[in-house]
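Enquirer: Okay, here's the structure, questions in a sec.
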Amino acid sequence: MKISRISVYQVDLPLKKPYWLSGGRLKFEQLDSTMVSIETDAGITGWGEGCPWGVTYLPGFGRGIRAGLDELGPQLIGLDPRVPAQINLMMDVALPGHPYIKAPVDIACWDILGQVAGLPLCDLLGGRHGGPVPIASSVSTGTPEEMLRLVENFRGQGYRVHSAKIGGSDPDLDVARIRHLNTHQKPGEIIFFDLNRSWLPADAIMVMNQVRDLGVIFEQPCETFDENLKVWRATSHPISLDEGIKEMNDLVRANAEGAAEIVNIKVSRVGGLTKARQMRDFCLSTGIKCLIMDTGGGAMSDTMVAHLAQSTPEASRIAAWDCASMVSVVSAHGAAAIDGHITAPDVPGLGSTPVMDVLGDPVAVYP
Ligand code: MG
Numbered sequence: 021m022k023i024s025r026i027s028v029y030q031v032d033l034p035l036k037k038p039y040w041l042s043g044g045r046l047k048f049e050q051l052d053s054t055m056v057s058i059e060t061d062a063g064i065t066g067w068g069e070g071c072p073w074g075v076t077y078l079p080g081f082g083r084g085i086r087a088g089l090d091e092l093g094p095q096l097i098g099l100d101p102r103v104p105a106q107i108n109l110m111m112d113v114a115l116p117g118h119p120y121i122k123a124p125v126d127i128a129c130w131d132i133l134g135q136v137a138g139l140p141l142c143d144l145l146g147g148r149h150g151g152p153v154p155i156a157s158s159v160s161t162g163t164p165e166e167m168l169r170l171v172e173n174f175r176g177q178g179y180r181v182h183s184a185k186i187g188g189s190d191p192d193l194d195v196a197r198i199r200h201l202n203t204h205q206k207p208g209e210i211i212f213f214d215l216n217r218s219w220l221p222a223d224a225i226m227v228m229n230q231v232r233d234l235g236v237i238f239e240q241p242c243e244t245f246d247e248n249l250k251v252w253r254a255t256s257h258p259i260s261l262d263e264g265i266k267e268m269n270d271l272v273r274a275n276a277e278g279a280a281e282i283v284n285i286k287v288s289r290v291g292g293l294t295k296a297r298q299m300r301d302f303c304l305s306t307g308i309k310c311l312i313m314d315t316g317g318g319a320m321s322d323t324m325v326a327h328l329a330q331s332t333p334e335a336s337r338i339a340a341w342d343c344a345s346m347v348s349v350v351s352a353h354g355a356a357a358i359d360g361h362i363t364a365p366d367v368p369g370l371g372s373t374p375v376m377d378v379l380g381d382p383v384a385v386y387p
C-alpha cells in the first residue's frame with residue numbers, strides 16, 4: 021500500500037469563551053487547526069488533526085504546521101502508511117525537530133493501519149482498558165470565587181478531574197485560590213493546580229510550602245527542567261511535568277532524577293501517536309502516572325486522545341482532555357464528552373469523520 025495523495029485543510033476554531041492561562045499572562049480567543057487526509061492506492065483514507073493552543077503557548081503555530089507539511093508532503097508520496105514508525109523515521113530525517121508538524125501525518129497513518137487491521141486504534145496502542153476515561157476540565161485563571169464557579173459548572177456536567185490554572189504575580193492570591201478550591205473539593209475529585217511554567221522556583225517553593233498540609237498536585241511550576249527539579253526537591257507535593265516533556269529523553273531524565281510523579285503527554289507536542297505511545301509505555305514501566313491530552317483541536321483530536329488514554333491501564337491514567345467542547349465550530353465527529361468522560365470509538369481506525377462543509381477546499385494537495 022502506498023500513499024497516493026495528501027490533502028491539507030485549515031479550520032478556525034473560535035473558543036466559546038476567552039481563555040487565560042496562569043495568572044492571565046496569556047489570553048486565547050481562537051485556535052488554528054490543520055486537518056490532514058492521507059489517501060492510498062488501496063482506496064483507504066486516513067485523517068489526522070494538528071492544532072496548537074494559539075501561537076504563544078508552545079513552540080508551534082498553525083501556519084507552521086502547513087509550512088512544514090509543504091516540505092514533507094511531497095516526500096511522503098509513495099511510502100507505506102501502515103508502518104508509522106518508518107514514516108516517523110523518514111520525517112525526522114527530512115525535517116529534523118518540529119514534532120508538532122508531523123503529528124497529523126502520524127495520526128492519519130495510524131488511522132489507515134487501524135482500518136487495514138479492522139481494529140480500533142486503542143486496541144493497537146495497548147488494548148482497551150476499563151470504561152469511559154475521565155476528562156480533566158480546564159479551569160481558566162481568575163479570582164478564587166470565579167474559579168470555584170467554573171469548577172462547579174464542570175462538576176455539574178459530570179467532570180471529576182479539574183486542571184485549575186494559577187500563577188502570576190501575587191503569591192498570596194495563589195494560596196487563596198488553592199485553599200478555596202481545596203476546601204470545596206468533593207470526595208473522589210482530583211484538582212491539580214497548573215502553573216503552565218509561570219513561577220520561578222522561589223515563588224513555587226513559597227506558595228507550595230504554605231499549602232503543604234493539603235498535599236495537592238502541581239503541574240509544570242517552572243519553565244526549565246532544572247528549576248522544576250529544584251522545586252520538587254524542596255516540596256512534598258506530587259509534581260506533574262507537562263510543557264517540559266518534549267521528547268523521550270526529557271521523560272527518561274525526569275524518571276532518573278525523580279523529578280515527577282506524573283507527566284502530561286500532549287500527543288501533538290511530542291510528534292504524534294507513535295512517540296506518545298513510546299512515552300506512555302515508558303511511564304507504565306516506571307510507575308509514572310499519565311495525563312493524556314493534546315494541544316487543541318476539534319473532535320478528531322479528542323478522538324485520537326481518547327484512544328491513547330483508553331489503551332492506558334486505569335491505575336496509570338488520571339485523565340484525558342477534550343477541546344471540542346471549548347470551541348464553537350464542529351469540525352469533525354467522533355468521541356465526545358459524556359458526563360465528563362470520553363470513550364474511544366469501537367470502529368476500525370481512528371473513528372472520526374471530518375465535516376467537509378466546515379473544512380471547505382484543501383489549502384494544499386500533494387502531489
Ligand atoms: Mg498543563
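The working numbering numbers the first residue of the sequence shown as 21 and each following residue consecutively. Glycine included, each C-beta is placed from N, C-alpha and C at the ideal position. None of these values were measured; they are calculated from a predicted model.
Looking at the secondary structure, which residues open and close the beta strand (DSSP E) in which GLY68 lies?
Expert: Element bounds for GLY68: 65 to 70.
Enquirer: For ARG260 versus ILE237, is the C-beta spacing smaller than 8 Å?
Expert: Checking the sequence shown, residue 260 turns out to be Ser, not Arg. In this structure, ILE237 lies closer than 8 Å to SER260 by Cβ.
Enquirer: With C-beta atoms as the reference, is ARG300 less than 8 Å away from LEU328?
Expert: Yes, they are a contact pair.
Enquirer: What I want to know is whether the C-beta of GLU334 ends up closer than 7 Å to one or more non-hydrogen atoms of the ligand MG.
Expert: Flag unset: Cβ of GLU334 not near the ligand MG.
Enquirer: Taking the continuous beta strand (DSSP E) assigned at ILE155, which residues delimit it?
Expert: Looking at the DSSP string, ILE155 is not in any beta strand (DSSP E), and its letter there is neither H nor E.
Enquirer: By DSSP, does MET228 sit in helix, in strand, or in coil?
Expert: Reduced to three states, the DSSP call for MET228 is helix.
Enquirer: Suppose contacts are defined by Cβ-Cβ distances below 8 Å. Is ALA319 in contact with ILE362 by that definition?
Expert: Going by C-beta atoms, ALA319 is not nearer than 8 Å to ILE362.
Enquirer: Please classify SER256: is it buried, with 16 or more other beta-carbons within 10 angstroms of its beta-carbon, or exposed?
Expert: Answer is exposed; the Cβ neighbour count stays below 16.
Enquirer: Taking 8 Å as the threshold (C-beta atoms), are ALA114 and GLY68 in contact?
Expert: Taking 8 Å as the Cβ cut-off, GLY68 and ALA114 do not qualify as a contacting pair.
Enquirer: For the putative contact between SER53 and GLY74, defined by C-beta atoms under 8 Å, what is the C-beta separation to the nearest angstrom?
Expert: Not really, about 12 Å apart at Cβ, beyond 8 Å.
Enquirer: Please classify MET324 as buried or exposed, where buried requires at least 16 other C-beta atoms within 10 Å of its C-beta.
Expert: Classification for MET324: buried.
Enquirer: My guess is that ALA184 and VAL153 are in contact by the Cβ rule of under 8 Å, so how many angstroms apart are they, rounded?
Expert: About 20 Å separates the two Cβ atoms, so there is no contact after all.
Enquirer: Thinking SER348 and ALA357 are a contact (beta carbons under 8 Å), I'd like their distance in whole angstroms, please.
Expert: Not quite, the Cβ-Cβ distance comes to about 15 Å (not below 8 Å), so this is no contact.
Enquirer: Just to confirm before moving on: does the CB-CB distance between PRO72 and ALA364 stay below 8 Å?
Expert: Contact: no.
Enquirer: For the 8 Å Cβ check, are there 3 or more pairs between the region 103 to 112 and the region 34 to 53?
Expert: No, because fewer than three Cβ pairs between the region 103 to 112 and the region 34 to 53 fall closer than 8 Å, the two stretches do not touch.
Enquirer: From which residue to which residue does the alpha helix (DSSP H) around PRO124 run?
Expert: Note, PRO124: alpha helix (DSSP H), 119 to 137.
Enquirer: Whole angstroms are fine: how far does the CA of GLU172 sit from the CA of PRO116?
Expert: Cα to Cα, the separation comes out at about 44 Å.
Enquirer: Given a threshold of 16 other Cβ atoms within 10 Å of its Cβ, counted over all protein chains shown, does GLU166 qualify as buried or as exposed?
Expert: Burial call: exposed.
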